[in-house]
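Asker: All residue numbers for the sequence shown refer to our numbering, where the first residue is 1 and numbers rise by one.
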Amino acid sequence: MESPVTHSELAIGEGVSHLVKGLLESPLTDVAPRADDVGDDFDPHCCHDRGMQSADVTATFCATLVDEWSALGVRTAVLAPGSRSTPMALALVAAANLQIEVFHDERSAAFAALGSGKATGIPALLLCTSGTAAVNFHPAVVEASHAEVPLIVLTADRPPELQGVGAPQTIDQKQLFGSAARAFVDAGVADDDRQDEWRRLAQRALRTATSQRPGPVQVNLPFREPLVGAPLKLPPSTKQAAREVAKPRPLGTETLAKLSARLRGKRGVIVAGARGASAEAVAGLAHALGWPVIADPTGGCRGEETFLIRHADALLRNEAIAESLRPQAVLRFGALPASKVVNSWLRDCGAETTTITGSPFLIDPDRRTSMHLVTDADALCADLVSLVSVCDDDWIAKWTVAETTSRSVIAQMLDDEARLSEPGTARTFVGALPAGAQLVVSSSMPIRDVEWYAGASDHIDVLSNRGANGIDGVVSTAVGAALGSARTTGLLIGDVAFLHDSNGLIGLSERGLDVRIVVVDNRGGGIFSFLPQRSALGAERFEKLFGTPHESDLALLARAHGLNAHVVSSTSELRQAVAVGGPHVIIVKTNRDDNVSRHEEIHRAVIDEVRLALRV
Numbered sequence: 001m002e003s004p005v006t007h008s009e010l011a012i013g014e015g016v017s018h019l020v021k022g023l024l025e026s027p028l029t030d031v032a033p034r035a036d037d038v039g040d041d042f043d044p045h046c047c048h049d050r051g052m053q054s055a056d057v058t059a060t061f062c063a064t065l066v067d068e069w070s071a072l073g074v075r076t077a078v079l080a081p082g083s084r085s086t087p088m089a090l091a092l093v094a095a096a097n098l099q100i101e102v103f104h105d106e107r108s109a110a111f112a113a114l115g116s117g118k119a120t121g122i123p124a125l126l127l128c129t130s131g132t133a134a135v136n137f138h139p140a141v142v143e144a145s146h147a148e149v150p151l152i153v154l155t156a157d158r159p160p161e162l163q164g165v166g167a168p169q170t171i172d173q174k175q176l177f178g179s180a181a182r183a184f185v186d187a188g189v190a191d192d193d194r195q196d197e198w199r200r201l202a203q204r205a206l207r208t209a210t211s212q213r214p215g216p217v218q219v220n221l222p223f224r225e226p227l228v229g230a231p232l233k234l235p236p237s238t239k240q241a242a243r244e245v246a247k248p249r250p251l252g253t254e255t256l257a258k259l260s261a262r263l264r265g266k267r268g269v270i271v272a273g274a275r276g277a278s279a280e281a282v283a284g285l286a287h288a289l290g291w292p293v294i295a296d297p298t299g300g301c302r303g304e305e306t307f308l309i310r311h312a313d314a315l316l317r318n319e320a321i322a323e324s325l326r327p328q329a330v331l332r333f334g335a336l337p338a339s340k341v342v343n344s345w346l347r348d349c350g351a352e353t354t355t356i357t358g359s360p361f362l363i364d365p366d367r368r369t370s371m372h373l374v375t376d377a378d379a380l381c382a383d384l385v386s387l388v389s390v391c392d393d394d395w396i397a398k399w400t401v402a403e404t405t406s407r408s409v410i411a412q413m414l415d416d417e418a419r420l421s422e423p424g425t426a427r428t429f430v431g432a433l434p435a436g437a438q439l440v441v442s443s444s445m446p447i448r449d450v451e452w453y454a455g456a457s458d459h460i461d462v463l464s465n466r467g468a469n470g471i472d473g474v475v476s477t478a479v480g481a482a483l484g485s486a487r488t489t490g491l492l493i494g495d496v497a498f499l500h501d502s503n504g505l506i507g508l509s510e511r512g513l514d515v516r517i518v519v520v521d522n523r524g525g526g527i528f529s530f531l532p533q534r535s536a537l538g539a540e541r542f543e544k545l546f547g548t549p550h551e552s553d554l555a556l557l558a559r560a561h562g563l564n565a566h567v568v569s570s571t572s573e574l575r576q577a578v579a580v581g582g583p584h585v586i587i588v589k590t591n592r593d594d595n596v597s598r599h600e601e602i603h604r605a606v607i608d609e610v611r612l613a614l615r616v
């Protein structure tokens, strides 16, 4: 298990600065600074010579940080406009090799930066003004922490003399994100007597964000007025090596021998989750062991091969089937699947569980892991291939029969629906996206429907905010993923999550991105209809507390943001709509009660046919 996160603080100096109202013009749309960002400390007449010289020092400090980050491979900066952040905003805009993206809403900006880092593995620079602006970053910072996504969070701040005296738009920003930040860096007010520390500050922030356990780093930037200056000569580069993502060390021969002994000759399963091993590495090891692979869609291992189990959730709902497939050993790579059924089966099967991760943090809420190894998963798979042997042919044959049968039943029920169901929508969308695309899937029901019913997805990358599992910021995450990667990006999202982050649609029509959004609109929170609350509470109380119905017209909402939007109702219509380049919004209207019934119908059909095939 990981030791508690230790926060570090670094103060690098004092100096002076001054405020102006202007910030920058977005290349996408005119975005004004926050109206409350020009506070009572603003004096348009105090820009005397000494102040301007100090503003130049501040500008040089910001330009140096940006220059260092650019040299180390950072390519994307996401800005939420504000006045106090002017020095850093101008430095970012002046950088020749940085992609600058401006978002009206701080929460949207933060999730867009998260999406960029999730899609590329390279941290984005995320900037806001002082005060509550930075607080709006917190949900995305939490997700970045739990999902181990690198992120450099730049929070502009008022200088020390304005702290604790009631100055406008001034709050305590030190350690603002608590344990969610890998480190907190207090940059202090720029002081040219300490220029030799500036580049080291940038290096330290980047190194921490991309460490063995990647995550967000907060760099707090107090700026004095005036805020607009001209950069002077930058301090010389320290000629640091280009950014390298930290990789864990390979296992020694003794540990490899111990692990192979735990696996050799046993009936087992491989669980391939997010941030695990590559599809090629997993396949090689699975063949050497003669084991099936329970493949989460975010793990990248969902190909056509029959040993890759795509429908474990349906299979393991039945006690007789689950018992016939009980393993003696479990080897898990990366994060857990989304399926509660699969995770409960892994918890209760009694198998000896080994978990392999690239970071020291262990996701194991059921405490089933008896051996946790932090190492490079692909290298481990390659090392194990020559050290293990196939358990027996009957084991993989049984899993193959179960999976083949499940695939056939699900395909027959969902591949040509005259009226689209929610499972059919997820399955069709995954299959319709072009090769090389990426798909962002919202938490709640969409990720489960993709996990349970989608076909092969090895032609795309599947991303999801499964760190903290929230439904906030999902639209912006998809936009950020598209911005960072420049790839065709699909988004599968429910109506409530879509409404949660409709601000992510602002400016999307002008960003030049191919984002294809499919919204499942069941007029409320569909996942709650699967919970015991549905039958335990009266219909009226359940609807008010959990169903959360709404009358929002999602098509009109999308069109208000300049996006094409239309409703589809059949499998063929959805395929045709997804084939068109974005950005646009496709809406599938469903009924929550019908959705529960459809899920139950599919599960019953799969279980019936698999029991016949396995004779259990």
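All C-beta atoms, glycine included, are put in the ideal place defined by N, C-alpha and C. Since the model is a prediction, treat every value here as computed from it, not as a measurement.
Mind checking who Leu491 pairs with in its DSSP beta bridge?
Answerer: Locating residue 491 in the sequence shown gives position 491, counting from the first residue. Beta-bridge pairing links Leu491 to Val440, Ile517.
Asker: Rounded to the nearest angstrom, how far is the Cβ of Val440 from that of Ser476, given a contact under 8 Å?
Answerer: Mapped onto the sequence shown, residue 440 falls at position 440. Mapped onto the sequence shown, residue 476 falls at position 476. The pair is not a contact, with the Cβ atoms about 10 Å apart (cut-off 8 Å).
Asker: In the structure shown, what three-state DSSP assignment does Ala68 receive?
Answerer: As a working note, residue 68 is residue 68 in the sequence shown. Looking at the sequence itself, residue 68 is Glu, so the reference to Ala does not match. Glu68 falls in the helix class under three-state DSSP.
Asker: As an exercise, report each continuous alpha helix (DSSP H) stretch of at least 4 residues that is fully enclosed by the stretch 159–220, in chain order.
Answerer: Entirely contained in the stretch 159–220, the alpha helix (DSSP H) runs reaching 4 residues are, in chain order, 198–209.
Asker: From the DSSP output, read off the bridge partner residues of Glu101.
Answerer: The residue given as residue 101 occupies position 101 in the sequence shown. DSSP, once it has assigned bridges, lists Val78 as partnering Glu101.
Asker: Just verifying my parser: in three-state terms, what is the DSSP assignment at Ser26?
Answerer: As a position in the sequence shown, residue 26 is number 26, starting the count at 1. Residue placement at Ser26 cannot be trusted, given a pLDDT of 34 that sits under 50; the coordinates are not used to answer.
Asker: Let me check one thing: in DSSP terms, what residues is Asp157 bridge-paired to?
Answerer: For the purposes of this step, residue 157 is identified with residue 157 of the sequence shown, where counting begins at 1. Listed as beta-bridge partners of Asp157 by DSSP are Pro222.
Asker: Please report the distance separating the alpha-carbon of Val610 from that of Glu254.
Answerer: In the sequence shown, residue 610 corresponds to position 610, counting from 1. In the sequence shown, residue 254 corresponds to position 254, counting from 1. Going from the Cα of Val610 to the Cα of Glu254 covers about 42 Å.
Asker: Beta strand (DSSP E) containing Val374: first to last residue?
Answerer: Residue numbering aside, residue 374 sits at position 374 when the sequence shown is read from its first letter. 369–374 is the span of the beta strand (DSSP E), which, as asked, contains Val374.
Asker: Quick test of the definition: if touching needs 3 or more C-beta pairs under 8 Å, does the stretch 129–139 touch the stretch 487–494?
Answerer: no
Asker: Name the residue from Thr208, Gly562, Val588, Ala577 whose alpha carbon lies nearest to the alpha carbon of Ser569.
Answerer: Taking the first residue of the sequence shown as 1, we reach residue 569 at position 569. When each option's Cα is compared against that of Ser569, the closest is Val588.
Asker: Is it the case that the Cβ atoms of Gly117 and Pro123 are separated by a distance below 7 Å?
Answerer: Reading the sequence shown from its first residue, position 117 is the one you call residue 117. Reading the sequence shown from its first residue, position 123 is the one you call residue 123. It is a contact, given that the beta carbons lie within the stated cut-off.
Asker: Rank Ala257, Ile447, Ala435 by C-alpha distance to the C-alpha of Arg427 and give the top, closest one.
Answerer: Residue 427 sits at position 427 when you count from the first residue of the sequence shown. Of the residues Ala257, Ile447, Ala435, the one whose Cα lies closest to the Cα of Arg427 is Ile447.
Asker: What alpha helix (DSSP H) runs, 4 residues minimum, are completely inside the stretch 409–477?
Answerer: 422–432, 445–453
Asker: When DSSP builds the beta bridges, which residues end up paired with Phe333?
Answerer: As a working note, residue 333 is residue 333 in the sequence shown. Partner(s): Ala272, Ile356.
Asker: If we ignore side chains and look at the alpha-carbon of each, how far apart do Phe542 and Ala605 end up?
Answerer: Here residue 542 corresponds to residue number 542 of the sequence shown, with the count starting at 1. Here residue 605 corresponds to residue number 605 of the sequence shown, with the count starting at 1. In a straight line, the C-alpha of Phe542 is about 29 Å away from that of Ala605.
Asker: From which residue to which residue does the beta strand (DSSP E) around Cys128 run?
Answerer: As a working note, residue 128 is residue 128 in the sequence shown. First-last of the beta strand (DSSP E) with Cys128: 124–128.
Asker: Taking 7 Å as the threshold (C-beta atoms), are Gly358 and Pro248 in contact?
Answerer: Translated into positions along the sequence shown, residue 248 becomes position 248. Translated into positions along the sequence shown, residue 358 becomes position 358. Contact: yes.
Asker: Measure the alpha-carbon distance for Ile396 versus Leu285 and round it to whole angstroms.
Answerer: The residue you call residue 396 lines up with position 396 of the sequence shown. The residue you call residue 285 lines up with position 285 of the sequence shown. Rounded to the nearest whole angstrom, the CA to CA distance from Ile396 to Leu285 is 13 Å.
Asker: Where Asp383 and Arg275 are concerned, what is the direct C-alpha to C-alpha distance, given to the nearest angstrom?
Answerer: Looking up residue 383 in the sequence shown gives position 383. Looking up residue 275 in the sequence shown gives position 275. The straight-line gap from Cα to Cα measures roughly 19 Å.
Asker: Using a Cβ-Cβ cutoff of less than 8 Å, which residues in the same chain neighbour Ser324 once the five nearest sequence positions on both sides are dropped?
Answerer: Sequence index remark: in the sequence shown, residue 324 carries index 324 (1-based). Excluding sequence positions up to five before and after Ser324, its CB lies within less than 8 Å of the CB of Lys398, Leu614, Val616, all in the same chain and listed in chain order.
Asker: Flag this pair as yes or no: are the beta carbons of Leu227 and Thr86 separated by less than 7 Å?
Answerer: Position 227 of the sequence shown, counted from the start, is the residue given in the question as residue 227. Position 86 of the sequence shown, counted from the start, is the residue given in the question as residue 86. Cβ distance < 7 Å, so Leu227 and Thr86 count as in contact.
Asker: Ends of the alpha helix (DSSP H) at Asn343?
Answerer: By 1-based counting over the sequence shown, the position of residue 343 is 343. In the DSSP annotation of this structure, the continuous segment of the alpha helix (DSSP H) that includes Asn343 starts and ends at 340–348.
Asker: For the ligand ADP, any of its heavy atoms closer than 6 Å to the Cβ of Arg487?
Answerer: Looking at this structure, you won't find the ligand ADP or any other ligand, since it has none at all.
Asker: Could you give the residue range of the beta strand (DSSP E) that holds Lys589?
Answerer: Within the sequence shown, residue 589 is the residue found at index 589, counting from 1. First-last of the beta strand (DSSP E) with Lys589: 584–589.
Asker: If you follow the alpha helix (DSSP H) that Ile363 is part of, which residue opens it and which one closes it?
Answerer: Counting from one through the sequence shown, the residue named residue 363 turns up at place 363. Unbroken run through Ile363: none, as it is neither H nor E.
Asker: Counting pairs of beta carbons, one from the stretch 209–225 and one from the stretch 333–341, are three or more of them closer than 8 Å?
Answerer: no
Asker: Please classify Thr404 as buried or exposed, where buried requires at least 16 other C-beta atoms within 10 Å of its C-beta.
Answerer: Numbered from 1 along the sequence shown, position 404 holds the residue referred to as residue 404. Its Cβ having fewer than 16 others within 10 Å, Thr404 is exposed.
Asker: Given this structure, state the Cα-to-Cα distance separating Ala411 from Gly455, to the nearest angstrom.
Answerer: Along the sequence shown, one-based indexing puts residue 411 at 411. Along the sequence shown, one-based indexing puts residue 455 at 455. C-alpha separation (whole angstroms): 8 Å.
Asker: If you draw a straight line from the C-alpha of Val567 to the C-alpha of Asp593, how long is it?
Answerer: Taking the first residue of the sequence shown as position 1, residue 567 is located at position 567. Taking the first residue of the sequence shown as position 1, residue 593 is located at position 593. Roughly 20 Å separates the two Cα atoms.
Asker: Going by other Cβ atoms of all chains shown within 10 Å of its Cβ, with 16 needed for buried, is Gly473 buried or exposed?
Answerer: What you label residue 473 is simply residue 473 of the sequence shown in a count that begins at 1. With 16 or more other Cβ atoms within 10 Å, it is buried.
Asker: According to DSSP, is Arg50 part of a helix, a strand, or is it coil?
Answerer: Here residue 50 corresponds to residue number 50 of the sequence shown, with the count starting at 1. Annotation note: pLDDT 46 at Arg50 (below 50); position unreliable, no value reported.
Asker: Between Arg571 and Val520, how many whole angstroms is the CB-CB distance? I'm expecting something under 8 Å.
Answerer: Sequence index remark: in the sequence shown, residue 571 carries index 571 (1-based). Sequence index remark: in the sequence shown, residue 520 carries index 520 (1-based). Note that residue 571 is Thr in the sequence shown, not Arg. About 14 Å separates the CB atoms of Thr571 and Val520; that is not less than 8 Å, and the two are not in contact.
Asker: When the Cα atoms are used, what is the spatial distance from Val580 to His550?
Answerer: What you label residue 580 is simply residue 580 of the sequence shown in a count that begins at 1. What you label residue 550 is simply residue 550 of the sequence shown in a count that begins at 1. Looking at the two C-alpha atoms, the distance is approximately 29 Å.
Asker: Mind checking whether Ala312 and Ile294 have CB atoms under 7 Å apart?
Answerer: Within the sequence shown, the letter at position 312 stands for residue 312. Within the sequence shown, the letter at position 294 stands for residue 294. Yes, the pair counts as a contact, with Cβ atoms nearer than the cut-off.
Asker: Looking at the secondary structure, which residues open and close the beta strand (DSSP E) in which Ala119 lies?
Answerer: As a working note, residue 119 is residue 119 in the sequence shown. Premise fails: Ala119 lies in the alpha helix (DSSP H), 106–120, not in any beta strand (DSSP E).
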